[in-house]
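The letter at position 41 of the sequence shown is residue 1027 when you use the working numbering, and the numbering goes up by one with no holes.
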Amino acid sequence: MSKKNLLLKIILPLIILVIGVIGFKSLTGLSTPPKKQAQPQRGLLVEVLTIATQPHQVTVHATGTVAPGMEISLVPEVSGKIDWLSPQLVTGGFFRKGEKLLEIDQRDYRLAVEQAQATLAQAEVALQTEEQQSKLALEEWQLLNMDDKGEPSPLVLRAPQLKKEKANLDAARAGLKKAQLNLQRTTLYAPFDCRIRTEQVDPGQYLRAGTAVATLAGTAQAEIKVPLPLSELQWLDIPRAGDTHTGSRATISLTSGSERLTWTGEIVRSAGEIDPASHMATIIVAVDTADGNRSTPQGQLDLSVGLFVDVALHGTHLPEVVSIPRSALRENYSVWLADLEDRLQIRPVHVLRREQDTLLIDEGLSAGERMILTTLDGAVTGLLLRPMAQEQTR
(Lines of atoms letter the chains of each structure in order from A and count residues from 1; the text may use other names and numbers.)
(Lines give C-alpha, C1' and ligand atoms only; values in the text may rest on other atoms or scores of the structure.)
Protein backbone atom coordinates (compact mmCIF):
# COMPACT_ATOMS: atom_id res chain seq x y z
CA MET A 1 0.00 0.00 0.00
CA SER A 2 1.36 3.45 -0.91
CA LYS A 3 2.03 6.07 1.73
CA LYS A 4 -0.60 8.30 0.18
CA ASN A 5 -3.38 5.81 0.69
CA LEU A 6 -2.27 5.11 4.26
CA LEU A 7 -2.41 8.79 5.17
CA LEU A 8 -5.90 9.13 3.73
CA LYS A 9 -7.18 6.22 5.82
CA ILE A 10 -5.80 7.75 9.01
CA ILE A 11 -6.27 11.48 8.51
CA LEU A 12 -9.70 11.52 6.83
CA PRO A 13 -11.65 10.03 9.82
CA LEU A 14 -9.91 12.43 12.17
CA ILE A 15 -10.92 15.38 10.01
CA ILE A 16 -14.55 14.22 9.92
CA LEU A 17 -14.60 13.76 13.72
CA VAL A 18 -13.19 17.24 14.33
CA ILE A 19 -15.71 18.85 11.97
CA GLY A 20 -18.60 17.02 13.76
CA VAL A 21 -17.46 18.17 17.19
CA ILE A 22 -17.15 21.77 16.02
CA GLY A 23 -20.61 21.68 14.40
CA PHE A 24 -22.29 20.21 17.54
CA LYS A 25 -20.77 22.88 19.75
CA SER A 26 -21.91 25.57 17.37
CA LEU A 27 -25.46 24.30 17.35
CA THR A 28 -25.66 23.85 21.11
CA GLY A 29 -24.22 27.27 21.69
CA LEU A 30 -26.90 28.93 19.62
CA SER A 31 -29.88 27.25 21.49
CA THR A 32 -31.19 28.51 24.88
CA PRO A 33 -32.84 26.21 27.45
CA PRO A 34 -36.67 26.62 27.83
CA LYS A 35 -37.87 28.63 30.80
CA LYS A 36 -39.40 26.63 33.64
CA GLN A 37 -43.10 27.53 34.16
CA ALA A 38 -44.40 27.69 37.74
CA GLN A 39 -46.99 24.97 38.45
CA PRO A 40 -50.33 26.31 39.86
CA GLN A 41 -51.11 25.27 43.44
CA ARG A 42 -53.84 22.64 43.66
CA GLY A 43 -55.86 22.45 46.91
CA LEU A 44 -57.11 19.30 48.62
CA LEU A 45 -60.25 17.88 47.06
CA VAL A 46 -63.11 18.05 49.59
CA GLU A 47 -66.86 17.54 49.53
CA VAL A 48 -68.94 20.40 50.89
CA LEU A 49 -72.56 21.14 51.75
CA THR A 50 -74.11 24.57 51.44
CA ILE A 51 -75.70 25.60 54.73
CA ALA A 52 -79.42 26.41 54.79
CA THR A 53 -81.55 27.43 57.78
CA GLN A 54 -85.09 26.10 57.82
CA PRO A 55 -87.92 25.12 60.20
CA HIS A 56 -87.56 21.73 61.85
CA GLN A 57 -89.80 19.52 63.98
CA VAL A 58 -87.98 17.66 66.71
CA THR A 59 -88.49 13.89 66.60
CA VAL A 60 -87.68 11.82 69.67
CA HIS A 61 -86.96 8.19 68.83
CA ALA A 62 -87.51 5.54 71.50
CA THR A 63 -88.86 2.05 72.13
CA GLY A 64 -91.82 0.97 74.21
CA THR A 65 -93.93 -1.94 75.39
CA VAL A 66 -97.59 -2.43 74.49
CA ALA A 67 -100.06 -2.57 77.39
CA PRO A 68 -103.88 -2.75 77.30
CA GLY A 69 -105.66 0.59 77.32
CA MET A 70 -108.34 -0.88 79.61
CA GLU A 71 -108.14 -3.98 81.79
CA ILE A 72 -110.56 -5.32 84.40
CA SER A 73 -111.09 -8.45 86.46
CA LEU A 74 -114.28 -10.42 85.83
CA VAL A 75 -115.84 -10.80 89.28
CA PRO A 76 -119.31 -12.37 89.83
CA GLU A 77 -121.54 -10.46 92.26
CA VAL A 78 -123.59 -13.53 93.21
CA SER A 79 -122.59 -17.07 94.10
CA GLY A 80 -123.64 -20.27 92.39
CA LYS A 81 -122.73 -23.08 90.04
CA ILE A 82 -121.94 -22.28 86.40
CA ASP A 83 -124.91 -23.33 84.29
CA TRP A 84 -123.54 -22.11 80.92
CA LEU A 85 -120.03 -21.09 79.82
CA SER A 86 -119.06 -19.52 76.49
CA PRO A 87 -116.55 -21.64 74.55
CA GLN A 88 -114.68 -18.38 73.83
CA LEU A 89 -114.03 -17.79 77.53
CA VAL A 90 -110.45 -19.04 77.25
CA THR A 91 -107.12 -17.23 77.16
CA GLY A 92 -107.01 -15.23 73.91
CA GLY A 93 -110.75 -15.46 73.31
CA PHE A 94 -112.42 -12.38 71.81
CA PHE A 95 -115.80 -10.87 72.75
CA ARG A 96 -117.80 -7.95 71.43
CA LYS A 97 -119.43 -5.59 73.91
CA GLY A 98 -122.64 -7.12 75.30
CA GLU A 99 -121.88 -10.74 74.38
CA LYS A 100 -122.64 -13.33 77.08
CA LEU A 101 -119.64 -14.74 78.94
CA LEU A 102 -121.23 -17.14 81.42
CA GLU A 103 -124.43 -17.83 83.33
CA ILE A 104 -124.83 -18.97 86.93
CA ASP A 105 -127.66 -21.35 87.90
CA GLN A 106 -130.71 -19.09 88.20
CA ARG A 107 -133.18 -21.37 90.02
CA ASP A 108 -132.52 -20.11 93.53
CA TYR A 109 -132.62 -16.51 92.33
CA ARG A 110 -135.90 -16.98 90.46
CA LEU A 111 -137.43 -18.40 93.65
CA ALA A 112 -136.10 -15.39 95.55
CA VAL A 113 -137.89 -13.10 93.08
CA GLU A 114 -141.17 -14.99 93.54
CA GLN A 115 -140.81 -14.82 97.32
CA ALA A 116 -140.13 -11.08 97.16
CA GLN A 117 -143.20 -10.60 94.96
CA ALA A 118 -145.34 -12.43 97.54
CA THR A 119 -143.91 -10.35 100.37
CA LEU A 120 -144.71 -7.19 98.42
CA ALA A 121 -148.30 -8.32 97.87
CA GLN A 122 -148.73 -9.00 101.59
CA ALA A 123 -147.33 -5.58 102.45
CA GLU A 124 -149.73 -3.89 100.04
CA VAL A 125 -152.71 -5.69 101.62
CA ALA A 126 -151.52 -4.86 105.14
CA LEU A 127 -151.20 -1.19 104.24
CA GLN A 128 -154.66 -1.11 102.71
CA THR A 129 -156.10 -2.75 105.83
CA GLU A 130 -154.38 -0.30 108.14
CA GLU A 131 -155.55 2.66 106.05
CA GLN A 132 -159.12 1.38 106.42
CA GLN A 133 -158.66 0.99 110.18
CA SER A 134 -157.39 4.56 110.41
CA LYS A 135 -160.41 5.82 108.50
CA LEU A 136 -162.83 3.97 110.79
CA ALA A 137 -161.06 5.32 113.86
CA LEU A 138 -161.52 8.86 112.60
CA GLU A 139 -165.24 8.33 111.95
CA GLU A 140 -165.73 6.83 115.43
CA TRP A 141 -163.97 9.75 117.10
CA GLN A 142 -166.12 12.23 115.21
CA LEU A 143 -169.33 10.50 116.39
CA LEU A 144 -168.22 10.57 120.00
CA ASN A 145 -166.97 14.13 119.93
CA MET A 146 -169.48 16.00 117.81
CA ASP A 147 -169.33 19.15 119.99
CA ASP A 148 -165.53 19.07 120.32
CA LYS A 149 -163.81 21.34 117.82
CA GLY A 150 -160.38 19.85 118.58
CA GLU A 151 -158.35 17.39 116.51
CA PRO A 152 -157.95 13.69 117.28
CA SER A 153 -154.54 12.54 118.47
CA PRO A 154 -152.25 10.48 116.15
CA LEU A 155 -152.72 7.49 118.43
CA VAL A 156 -156.49 7.64 117.96
CA LEU A 157 -156.03 7.68 114.18
CA ARG A 158 -153.56 4.75 114.37
CA ALA A 159 -150.80 6.87 112.78
CA PRO A 160 -147.90 4.73 114.14
CA GLN A 161 -149.46 1.53 112.77
CA LEU A 162 -150.04 3.23 109.41
CA LYS A 163 -146.44 4.45 109.25
CA LYS A 164 -145.19 0.96 110.07
CA GLU A 165 -147.18 -0.63 107.23
CA LYS A 166 -145.92 1.97 104.77
CA ALA A 167 -142.34 1.16 105.82
CA ASN A 168 -143.04 -2.55 105.38
CA LEU A 169 -144.31 -1.84 101.86
CA ASP A 170 -141.17 0.16 100.99
CA ALA A 171 -139.00 -2.68 102.33
CA ALA A 172 -140.94 -5.23 100.28
CA ARG A 173 -140.48 -3.18 97.12
CA ALA A 174 -136.75 -2.86 97.80
CA GLY A 175 -136.53 -6.59 98.47
CA LEU A 176 -138.14 -7.32 95.10
CA LYS A 177 -135.72 -4.99 93.30
CA LYS A 178 -132.78 -6.66 95.06
CA ALA A 179 -134.03 -10.15 94.13
CA GLN A 180 -134.51 -9.08 90.50
CA LEU A 181 -131.05 -7.48 90.45
CA ASN A 182 -129.44 -10.67 91.80
CA LEU A 183 -131.25 -12.64 89.11
CA GLN A 184 -129.80 -10.31 86.46
CA ARG A 185 -126.35 -10.70 87.99
CA THR A 186 -126.38 -14.44 87.32
CA THR A 187 -125.53 -13.62 83.69
CA LEU A 188 -122.18 -11.94 82.98
CA TYR A 189 -121.66 -9.95 79.76
CA ALA A 190 -118.60 -8.40 78.12
CA PRO A 191 -118.52 -4.74 79.24
CA PHE A 192 -116.58 -3.68 76.10
CA ASP A 193 -114.80 -5.22 73.12
CA CYS A 194 -112.16 -7.35 74.79
CA ARG A 195 -109.81 -10.31 74.78
CA ILE A 196 -109.42 -12.77 77.63
CA ARG A 197 -105.94 -12.40 79.11
CA THR A 198 -106.35 -14.96 81.90
CA GLU A 199 -109.16 -17.22 83.15
CA GLN A 200 -109.73 -19.65 86.02
CA VAL A 201 -113.18 -21.04 85.24
CA ASP A 202 -114.61 -24.37 84.04
CA PRO A 203 -118.13 -25.65 83.26
CA GLY A 204 -120.03 -26.66 86.40
CA GLN A 205 -117.62 -24.82 88.70
CA TYR A 206 -119.08 -23.16 91.80
CA LEU A 207 -118.34 -19.43 91.82
CA ARG A 208 -118.22 -17.30 94.93
CA ALA A 209 -119.30 -13.68 94.83
CA GLY A 210 -116.34 -11.30 94.87
CA THR A 211 -113.80 -13.84 93.54
CA ALA A 212 -112.14 -12.95 90.20
CA VAL A 213 -112.51 -15.62 87.52
CA ALA A 214 -110.90 -13.91 84.48
CA THR A 215 -109.00 -10.84 83.29
CA LEU A 216 -110.38 -8.87 80.34
CA ALA A 217 -108.27 -6.48 78.22
CA GLY A 218 -109.95 -3.92 75.97
CA THR A 219 -109.17 -4.10 72.25
CA ALA A 220 -110.37 -0.66 71.15
CA GLN A 221 -107.27 1.10 72.47
CA ALA A 222 -103.75 0.15 73.47
CA GLU A 223 -101.18 2.05 75.51
CA ILE A 224 -97.45 2.16 74.85
CA LYS A 225 -95.22 2.63 77.88
CA VAL A 226 -92.18 4.56 76.65
CA PRO A 227 -89.17 5.17 78.95
CA LEU A 228 -87.27 8.37 78.11
CA PRO A 229 -84.24 10.25 79.46
CA LEU A 230 -85.27 13.35 81.39
CA SER A 231 -83.48 15.54 78.84
CA GLU A 232 -85.94 14.48 76.12
CA LEU A 233 -89.06 15.61 77.98
CA GLN A 234 -88.43 19.30 77.16
CA TRP A 235 -89.12 18.62 73.47
CA LEU A 236 -92.54 17.00 74.01
CA ASP A 237 -96.06 18.14 74.86
CA ILE A 238 -97.12 15.95 77.80
CA PRO A 239 -100.62 16.64 79.19
CA ARG A 240 -100.83 17.25 82.92
CA ALA A 241 -103.66 16.74 85.38
CA GLY A 242 -106.62 18.86 84.37
CA ASP A 243 -105.50 19.39 80.77
CA THR A 244 -108.16 18.69 78.17
CA HIS A 245 -105.88 18.61 75.11
CA THR A 246 -103.88 15.65 73.86
CA GLY A 247 -100.10 15.72 73.68
CA SER A 248 -97.51 15.22 70.97
CA ARG A 249 -98.33 12.90 68.09
CA ALA A 250 -96.58 9.54 67.86
CA THR A 251 -95.87 6.97 65.17
CA ILE A 252 -95.58 3.37 66.35
CA SER A 253 -93.88 0.86 64.08
CA LEU A 254 -93.12 -2.84 64.13
CA THR A 255 -91.32 -5.11 61.68
CA SER A 256 -93.06 -8.42 60.97
CA GLY A 257 -91.16 -10.48 58.43
CA SER A 258 -90.84 -8.32 55.33
CA GLU A 259 -93.69 -6.03 56.44
CA ARG A 260 -93.29 -2.75 58.29
CA LEU A 261 -96.47 -2.12 60.28
CA THR A 262 -97.30 1.34 61.62
CA TRP A 263 -99.94 2.89 63.88
CA THR A 264 -100.58 6.48 64.95
CA GLY A 265 -101.14 7.67 68.50
CA GLU A 266 -100.62 10.54 70.90
CA ILE A 267 -99.12 11.19 74.31
CA VAL A 268 -101.88 11.20 76.95
CA ARG A 269 -99.94 11.41 80.23
CA SER A 270 -96.76 10.54 82.07
CA ALA A 271 -96.45 7.76 84.62
CA GLY A 272 -95.66 10.44 87.21
CA GLU A 273 -92.52 8.80 88.60
CA ILE A 274 -88.84 8.27 87.81
CA ASP A 275 -87.35 4.79 87.67
CA PRO A 276 -84.77 4.67 90.50
CA ALA A 277 -82.51 2.27 88.60
CA SER A 278 -82.43 3.86 85.13
CA HIS A 279 -83.35 7.44 86.20
CA MET A 280 -85.74 7.59 83.26
CA ALA A 281 -89.30 8.87 83.06
CA THR A 282 -92.12 6.88 81.47
CA ILE A 283 -94.71 8.48 79.22
CA ILE A 284 -97.91 6.83 78.01
CA VAL A 285 -98.92 6.89 74.34
CA ALA A 286 -102.53 5.99 73.54
CA VAL A 287 -103.14 4.18 70.25
CA ASP A 288 -106.52 3.60 68.65
CA THR A 289 -106.27 -0.04 67.56
CA ALA A 290 -109.33 0.06 65.29
CA ASP A 291 -108.82 -1.52 61.87
CA GLY A 292 -108.50 1.89 60.19
CA ASN A 293 -105.52 2.97 62.28
CA ARG A 294 -102.85 0.80 60.68
CA SER A 295 -100.75 0.71 57.54
CA THR A 296 -101.52 -2.90 56.58
CA PRO A 297 -104.70 -4.81 55.70
CA GLN A 298 -106.83 -6.48 58.34
CA GLY A 299 -105.54 -9.91 59.28
CA GLN A 300 -101.94 -8.86 59.83
CA LEU A 301 -100.24 -8.82 63.22
CA ASP A 302 -102.22 -6.97 65.90
CA LEU A 303 -100.73 -4.49 68.34
CA SER A 304 -100.76 -7.20 70.99
CA VAL A 305 -100.04 -6.72 74.68
CA GLY A 306 -96.36 -7.22 75.48
CA LEU A 307 -94.99 -6.35 72.02
CA PHE A 308 -91.76 -4.34 71.90
CA VAL A 309 -92.22 -1.53 69.35
CA ASP A 310 -90.38 1.47 67.91
CA VAL A 311 -91.87 4.86 68.76
CA ALA A 312 -91.26 8.20 67.01
CA LEU A 313 -92.56 11.14 69.06
CA HIS A 314 -93.16 14.30 67.02
CA GLY A 315 -92.38 17.21 69.31
CA THR A 316 -91.46 20.89 69.28
CA HIS A 317 -91.36 22.94 66.06
CA LEU A 318 -88.12 24.96 65.77
CA PRO A 319 -88.53 28.04 63.50
CA GLU A 320 -84.91 28.44 62.26
CA VAL A 321 -82.22 25.81 62.69
CA VAL A 322 -79.39 24.17 60.73
CA SER A 323 -79.33 20.40 60.40
CA ILE A 324 -75.92 18.83 59.71
CA PRO A 325 -74.63 15.23 59.58
CA ARG A 326 -73.18 13.94 62.84
CA SER A 327 -69.87 13.23 61.07
CA ALA A 328 -69.43 16.94 60.26
CA LEU A 329 -68.86 17.89 63.90
CA ARG A 330 -65.12 18.12 64.70
CA GLU A 331 -63.13 18.45 67.91
CA ASN A 332 -64.19 20.99 70.52
CA TYR A 333 -67.67 21.32 69.01
CA SER A 334 -66.45 22.94 65.79
CA VAL A 335 -66.99 22.51 62.04
CA TRP A 336 -64.76 23.06 59.02
CA LEU A 337 -65.78 25.66 56.46
CA ALA A 338 -64.46 26.58 53.02
CA ASP A 339 -64.22 30.39 52.77
CA LEU A 340 -64.57 32.54 49.64
CA GLU A 341 -60.90 31.88 48.76
CA ASP A 342 -61.38 28.11 49.13
CA ARG A 343 -59.33 27.99 52.29
CA LEU A 344 -60.22 26.04 55.42
CA GLN A 345 -61.69 27.86 58.40
CA ILE A 346 -62.48 26.30 61.79
CA ARG A 347 -65.69 27.57 63.40
CA PRO A 348 -67.11 26.72 66.87
CA VAL A 349 -70.86 25.97 66.89
CA HIS A 350 -73.59 25.36 69.47
CA VAL A 351 -75.33 21.98 69.24
CA LEU A 352 -78.96 22.46 70.22
CA ARG A 353 -79.91 18.80 69.91
CA ARG A 354 -78.58 15.45 68.72
CA GLU A 355 -80.94 13.33 66.63
CA GLN A 356 -80.48 9.89 65.12
CA ASP A 357 -78.34 10.87 62.12
CA THR A 358 -78.10 14.63 62.40
CA LEU A 359 -77.21 17.49 64.72
CA LEU A 360 -79.32 20.63 65.11
CA ILE A 361 -77.18 23.80 65.22
CA ASP A 362 -78.67 27.10 66.40
CA GLU A 363 -75.48 29.22 66.69
CA GLY A 364 -72.27 29.49 64.65
CA LEU A 365 -73.47 28.87 61.07
CA SER A 366 -75.08 31.14 58.48
CA ALA A 367 -77.05 30.34 55.36
CA GLY A 368 -74.89 30.07 52.24
CA GLU A 369 -71.67 29.01 53.97
CA ARG A 370 -69.93 25.88 52.73
CA MET A 371 -69.31 23.17 55.30
CA ILE A 372 -66.65 20.52 54.68
CA LEU A 373 -67.78 16.90 54.95
CA THR A 374 -64.49 15.23 54.03
CA THR A 375 -62.23 14.12 56.90
CA LEU A 376 -58.72 15.60 56.60
CA ASP A 377 -55.54 14.65 58.43
CA GLY A 378 -53.78 17.64 59.96
CA ALA A 379 -56.46 20.18 59.11
CA VAL A 380 -55.30 23.74 59.88
CA THR A 381 -56.76 27.16 59.27
CA GLY A 382 -55.86 28.51 55.82
CA LEU A 383 -55.36 25.11 54.17
CA LEU A 384 -56.05 25.42 50.44
CA LEU A 385 -59.04 23.41 49.28
CA ARG A 386 -60.71 22.29 46.09
CA PRO A 387 -64.44 22.12 46.99
CA MET A 388 -66.79 19.95 44.98
CA ALA A 389 -70.23 18.30 44.99
CA GLN A 390 -72.05 21.15 46.68
CA GLU A 391 -75.54 20.26 47.89
CA GLN A 392 -78.13 21.89 50.06
CA THR A 393 -78.28 20.58 53.62
CA ARG A 394 -81.48 18.85 54.49
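All residues carry an ideal CB built from backbone N, CA and C; glycine is no exception. Since this is a predicted model, take the numbers as computed values, not measurements.
Taking C-beta atoms as the reference points, residue 1209 and residue 1053 count as a pair closer than 8 Å. In the structure shown, the three-state DSSP call for residue 1110 is helix. Contact between residue 1297 and residue 1048 is confirmed by a C-beta separation of about 5 Å, below the 8 Å threshold. When DSSP reads this structure, residue 1056 sits in no beta bridge, so it has no partner.
DSSP places residue 1083 outside both helix and strand once states are collapsed to three, so it counts as coil. Secondary structure at residue 1342: coil, using DSSP grouped into helix, strand and coil. For the region 1120–1152, there is no continuous alpha helix (DSSP H) assignment of 4+ residues that stays within its boundaries. As the crow flies, the alpha-carbon of residue 1185 is around 15 Å from that of residue 1196. Considering only 1233, 1249 and 1232, the residue with the shortest C-alpha distance to residue 1240 is 1249.
When DSSP states are grouped into helix, strand and coil, residue 1156 belongs to the helix group. Secondary structure of residue 1319 (DSSP, three-state): coil.
Less than 8 Å divides the Cβ of residue 1064 from the Cβ of residue 1168. Contact between the region 1164–1184 and the region 1073–1086 is present, with at least three C-beta pairs closer than 8 Å. In the assembly as shown, residue 1042 is a buried residue. Its beta-carbon has 16 or more other beta-carbons within 10 Å. For the pair of segments examined, the region 1029–1037 was found to touch the region 1344–1356: the number of CB pairs separated by less than 8 Å reaches three. For residue 1172, the CB contacts under 7 Å within the same chain, skipping 5 residues up- and downstream, are 1064, 1066, 1089, 1090, 1092 and 1095 in chain order. Its Cα nearest to that of residue 1302, the residue 1045 stands out among 1030, 1033, 1032 and 1045. Secondary structure at residue 1217: helix, using DSSP grouped into helix, strand and coil. Where residue 1288 is concerned, there is no enclosing beta strand (DSSP E), because DSSP gives it neither an H nor an E. Distance check between residue 1202 and each of 1031, 1056 and 1252 places 1056 closest, using alpha-carbon atoms only.
Rounded to the nearest angstrom, the gap between the Cα atoms of residue 1219 and residue 1334 is 27 Å.
Considering only 1071, 1178 and 1127, the residue with the shortest C-alpha distance to residue 1192 is 1071. DSSP links residue 1231 through a beta bridge to no other residue. Looking at the DSSP output, residue 1334 bridges to 1320. Two segments are said to touch when three or more pairs of C-beta atoms, one from each, lie closer than 8 Å; by this definition the region 1109–1126 touches the region 1148–1160.
Between residue 1165 and residue 1263 the beta-carbon gap is near 54 Å, outside 8 Å, which marks them as no contact. Note that the C-beta distance between residue 1269 and residue 1251 is not below 8 Å.
Sequence-distant partners of residue 1213 (beyond 5 residues in either direction) whose C-beta falls short of 6 Å from its own C-beta, in its chain, are 1266 and 1268.
If one requires a minimum length of 3 residues, the beta strand (DSSP E) runs lying completely within the region 1158–1194 are 1173–1175 and 1180–1185, in chain order. DSSP places residue 1226 in no beta strand (DSSP E); its state is neither H nor E.
Assignment of residue 1117 by DSSP, reduced to helix, strand and coil, places it in the helix class. In this chain, the beta strand (DSSP E) harbouring residue 1066 covers 1066–1071. Between residue 1234 and residue 1222, the beta carbon gap of about 5 Å places them in contact (Cβ cut-off 8 Å). Looking at 1028, 1321, 1337 and 1340, the one whose alpha-carbon comes closest to that of residue 1331 is 1321. By the 16-neighbour rule on beta-carbons within 10 angstroms, residue 1243 is exposed.
The residue among 1198, 1156 and 1180 with its C-alpha nearest the C-alpha of residue 1106 is 1156.
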